[in-house]
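Visitor: Everything in the sequence shown is counted per full-length UniProt numbering, starting at 1 for the first residue and increasing by one.
Every residue, glycine too, gets a C-beta built ideally from N, C-alpha and C.
Once you've had a glance at the structure underneath, I'll fire off some questions.
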Amino acid sequence: MTDRTAPTSSLKLEWVYGYRGHQCRNNLYYTGAKEIVYFVAGVGVVYNTRDNSQRFFLGHNDDIISLALHPDKQLVATGQVGKDPYICVWDTRSCQTVSIMKDTHQRGVTCLAFNNSGTLLVSVGLEDYHLIAVWDWKKGRVLATVRGHTDRIFDIQFNPYQENLLVSCGVKHIKFWTLCGNALNPKKGVFGKAGEIQTNLCLAFGPNDVTFSGTLSGEIYKWKGHNLAGSIPNAHTLLNGSDDSRSPSHPVASISSVAVSVTGVFLQNGFVSSVSNPQCGGPVHHALSGLYPSTCLAWVVVPGNKSPASIALGVTETRKPTDRNV
């Protein structure tokens with residue numbers, strides 16, 4: 001008679017090939033231990049470049065589409081798709097779950113970000129109204145929820161200079177939020193005559209109530225409060241010393257990653273520049289990635305080099321961008 005019992009053997013994950021850069025962003029970071037954390041399918045991967053080894057977080061039951069690095073650079077939060085999506089905060093050293101947040105979003109969790117002190121986590125869902133939720137992640141408890149926007153939201157961040165302020169941006173909109181207890185109060189970004197209404201893909205912050213957003217058309221918008229104060233047109237090529245971004249050799253390029261260094265210099269995907277960043281603690285201080293194609297942004301310190309460190313950034317989309325293909 002045939003034995004129908006399950007075999008005692010089991011499969012063990014040994015290696016994960018590839019990297020998901022399509023239809024997700026902010027999906028690649030360096031940890032404080034100089035390891036790279038990212039995700040593929042439903043697996044969180046911690047890659048040690050020194051000994052070419054991987055560790056895996058297997059706490060999700062569907063594809064991961066969002067990732068945020070805690071300010072301590074050891075913990076991360078990941079969000080997934082699915083009928084009942086949830087968020088996991090986990091330790092990149094042990095790959096063990098620290099906290100789970102669920103029963104709030106539908107279809108998926110598309111954006112995640114910690115505040116500067118690391119006590120709060122904000123998430124954006126894939127509902128038709130793109131629900132925004134602020135969490136006390138240690139307790140797994142929702143502090144505030146609000147309908148974000150009917151159009152897609154590409155990025156949301158806490159303002160590191162004012163921790164009760166958040167900014168979200170997406171298809172032809174940007175919103176400035178104030179967290180007051182269990183309420184999120186919005187102010188729509190006013191484009192005015194300083195620039196055209198267009199899709200904003202990413203965010204960065206400066207002091208004195210200044211916000212920067214990277215746009216679909218390749219401009220960097222500068223916001224003062226919730227008003228557009230100015231822009232840097234054709235930012236990729238102008239910061240590279242060229243003024244002919246529309247020529248065949250300089251195709252249209254969206255700004256899908258942007259950051260501001262401690263010296264106030266812009267860093268974006270799609271060009272190489274230089275800047276001094278004394279806060280870097282190792283070869284790479286921080287990394288961000290874009291939505292499509294896979295674009296990464298990093299501060300790099302050249303060991304033994306007293307001159308400003310080089311900034312190495314990934315390529316960006318070269319076809320004419322639209323709201324549908326970002």
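Buried or exposed for alanine 183, going by 16 or more other Cβ atoms inside 10 Å?
Guide: As a first step, residue 183 must be located in the sequence shown, where it is residue number 183. When all chains shown are included, alanine 183 counts as exposed.
Visitor: In whole angstroms, give me the CA-to-CA distance for lysine 139 and glycine 118.
Guide: The residue labelled residue 139 in the question sits at position 139 within the sequence shown. The residue labelled residue 118 in the question sits at position 118 within the sequence shown. Cα to Cα, lysine 139 sits roughly 13 angstroms from glycine 118.
Visitor: Taking the beta carbon of lysine 175 as the centre, do at least 16 other beta carbons fall within 10 Å, making it buried, or is it exposed?
Guide: The sequence position of residue 175 within the sequence shown is 175, counting from 1. It is buried - the Cβ of lysine 175 has at least 16 other Cβ atoms within 10 Å.
Visitor: When the Cα atoms are used, what is the spatial distance from residue 336 to glutamate 163?
Guide: Because the chain in this structure spans residues 1 to 326, residue 336 falls outside the shown range and cannot be described.
Visitor: Could you say if the region 32-47 and the region 1-11 meet the contact criterion of at least three C-beta pairs nearer than 8 angstroms?
Guide: no
Visitor: To the nearest angstrom, how far is it from the Cα of asparagine 200 to the Cα of methionine 101?
Guide: For this step, residue 200 is matched to residue 200 along the sequence shown. For this step, residue 101 is matched to residue 101 along the sequence shown. Approximately 28 angstroms, taken between the alpha carbons.
Visitor: Considering only residues of the same chain and omitting the five flanking positions on each side of tryptophan 15, which have a CB-CB separation below 7 angstroms?
Guide: Along the sequence shown, read from residue 1 onward, the residue named residue 15 stands at position 15. So the qualifying residues of the chain are Gln54.
Visitor: Got a sec? Which residues, its chain only, sit under 6 angstroms from lysine 73 by beta carbon, not counting five neighbours each side?
Guide: Here residue 73 corresponds to residue number 73 of the sequence shown, with the count starting at 1. The beta carbon of lysine 73 lies closer than 6 angstroms to those of Thr31, Gly32 in the same chain, with the five residues before and after it left out.
Visitor: Please name the residue in Tyr161, Trp135, Lys172 whose C-alpha comes closest to that of arginine 152.
Guide: Along the sequence shown, one-based indexing puts residue 152 at 152. Closest option to arginine 152, Cα to Cα, is Lys172.
Visitor: Would you mind giving the Cβ-Cβ distance between isoleucine 132 and glycine 148, rounded to the nearest angstrom? I have them listed as a contact below 8 angstroms.
Guide: Your numbering for residue 132 matches position 132 in the sequence shown. Your numbering for residue 148 matches position 148 in the sequence shown. 4 angstroms between Cβ atoms; contact.
Visitor: Out of curiosity, what's the CA-to-CA distance linking glycine 79 and alanine 253?
Guide: Translated into positions along the sequence shown, residue 79 becomes position 79. Translated into positions along the sequence shown, residue 253 becomes position 253. Going from the Cα of glycine 79 to the Cα of alanine 253 covers about 28 angstroms.
Visitor: When DSSP labels each residue in this structure, what does alanine 235 get in the three-state scheme?
Guide: For the purposes of this step, residue 235 is identified with residue 235 of the sequence shown, where counting begins at 1. In this structure, alanine 235 counts as helix in the three-state DSSP scheme.
Visitor: Can you find the residues in the same chain that come closer than 7 angstroms, C-beta to C-beta, to aspartate 91, ignoring five residues on each side of it along the sequence?
Guide: Your numbering for residue 91 matches position 91 in the sequence shown. These residues qualify, in order along the chain: Gln74, Leu75, Val98.
Visitor: Taking only runs that begin and end inside the region 175-238, name each unbroken beta strand (DSSP E) of 3 or more residues, in chain order.
Guide: 183-188, 200-206, 210-215, 220-224, 227-232
Visitor: Can you look up threonine 2 in the DSSP assignment and give me helix, strand or coil?
Guide: Within the sequence shown, residue 2 is the residue found at index 2, counting from 1. Threonine 2 falls in the coil class under three-state DSSP.
Visitor: Please report how far the alpha carbon of tryptophan 223 lies from the alpha carbon of threonine 215, in whole angstroms.
Guide: As a first step, residue 223 must be located in the sequence shown, where it is residue number 223. As a first step, residue 215 must be located in the sequence shown, where it is residue number 215. Approximately 13 angstroms, taken between the alpha carbons.
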